[in-house]
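Numbering (this note's numbering), first residue to last: 323 to 630. For each residue, glycine too, the CB sits at the ideal point set by N, CA and C. From a predicted model like this one, the values you see are computed outputs, not experimental measurements. Take a look at the structure below.
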Ligand code: ASP
């Protein structure tokens, strides 16, 4: 994608990387995913086109994806080994590098909104578990019965996989990165984690620097994939560090980090946004649900590696 002029805005989103291919995704599932990605692009683009902030845009796009049952975040999240749903999310803005995150929340309809509340309403960066659920009650954010997150498709997958910890490349985490007309970047990520997770497992998505990072001097990044590997490598922060300290392009840094994830046996991808508005993605799986739109470019969505 070409560099955007300074007054332009740009948005990229993902709905997870994984083993999707034209052979194993039904045309209905393909169409539903594309429609959900398009709706999320519309939600974020509406904010940016009106002169809104990158932070508001990534929150709007991710909230739209959280409500979409196609993806592993919010409604449609995967099940833990106990058959419950535990949600993780993070949000960060690149100017002040303020960030907020939640892990293992069970009742807030929009985990990314709760992550933002942690950023804006507490002196903390990350809250987890029953404490995060308790904090949610003080925010006025919509609370739902945990059954609201459960979909028949996830119940079927859970029944099939049992309690096996899933490293079989079925990642459906959602994320967004944006650059607003003021030249600021932001990133957000939201996930149900991995199927069959237990012992309070938390992945990379809510960890600032692993699955989510934003720095106006470098990039905004949201990751998806085998979270343990992204944590080990500090993928999102290291991508930004390469840009800032080595002068690499965001696209080169993204490729380097995904190659390193592959080298340690990991699978997944990142979307990244430069402060100039260049969106990029990189992944080492056969597919990644993704989309982009910019003031100078119409919306486009893609799923498979060999398209777009
Ligand atoms: N990275 C997420 C995690 O490990 C999973 C995903 O991307 O779907 O929790």
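From the listed residues 608, 585 and 339, the smallest Cα separation to residue 513 is found for 339. Residue 477 carries a helical assignment under DSSP once its states are collapsed to helix, strand and coil.
Between the beta-carbon of residue 494 and that of residue 337 there is about 6 Å, and that keeps the pair under the 8 Å contact cut.
Between the ligand ASP and the CB of residue 516, the shortest heavy atom gap is smaller than 8 Å. Within 8 Å of the C-beta of residue 513 there is at least one heavy atom belonging to the ligand ASP. In this chain, the alpha helix (DSSP H) harbouring residue 441 covers 433-443.
Taking residue 592 as reference, the option from 357, 546, 394 and 422 with the minimal CA-CA separation is 546. Each of 438, 480, 482 and 469 was checked against the Cα of residue 463, and the nearest Cα belongs to 438. At a cut-off of 8 Å, the beta-carbon of residue 560 does not count as near the ligand ASP: no heavy atom of the ligand is closer than that.
For residue 396, the closest C-alpha among the options 341, 443, 473 and 526 is that of 473. The ligand ASP has no heavy atom closer than 8 Å to the beta-carbon of residue 350.
Rounded to the nearest whole angstrom, the CA to CA distance from residue 400 to residue 355 is 16 Å. Note on residue 349: under 16 other CB atoms within 10 angstroms of its CB, so exposed under the neighbour-count rule.
Comparing alpha-carbon positions, the option among 526, 329, 560 and 530 lying closest to residue 551 turns out to be 526. Listed in chain order, the alpha helix (DSSP H) elements of length 4 or more contained wholly in the region 571-604 are 572-585.
Here the C-alpha atom of residue 496 lies approximately 12 Å from the C-alpha atom of residue 432.
Assigned with DSSP and collapsed to three states, residue 528 falls in coil, not helix or strand.
A Cβ-Cβ separation of about 7 Å places residue 423 in contact with residue 411 under the 8 Å criterion. Between residue 583 and the set 612, 533, 523 and 567, the nearest pair of CA atoms involves 533. At a threshold of 8 Å, residue 548 counts as near the ligand ASP, since its beta carbon sits closer than that to one of the ligand's heavy atoms. The alpha carbon of residue 363 has as its nearest neighbour, out of 386, 446 and 451, the alpha carbon of 386.
Runs of the alpha helix (DSSP H) spanning 4 or more residues and lying entirely within the region 501-552 do not occur at all.
By the C-beta criterion, the region 466-480 is judged not to be in contact with the region 555-574, since fewer than 3 inter-stretch pairs fall below 8 Å. About 18 Å separates the beta carbon of residue 510 from that of residue 372, a gap too long to meet the 8 Å contact definition.
Going by DSSP, residue 559 is part of the alpha helix (DSSP H) stretching over 557-563. The three-state reading of DSSP puts residue 469 in helix, counting H, G and I together.
In terms of Cα proximity to residue 620, the closest of 468, 345, 605 and 360 is 360.
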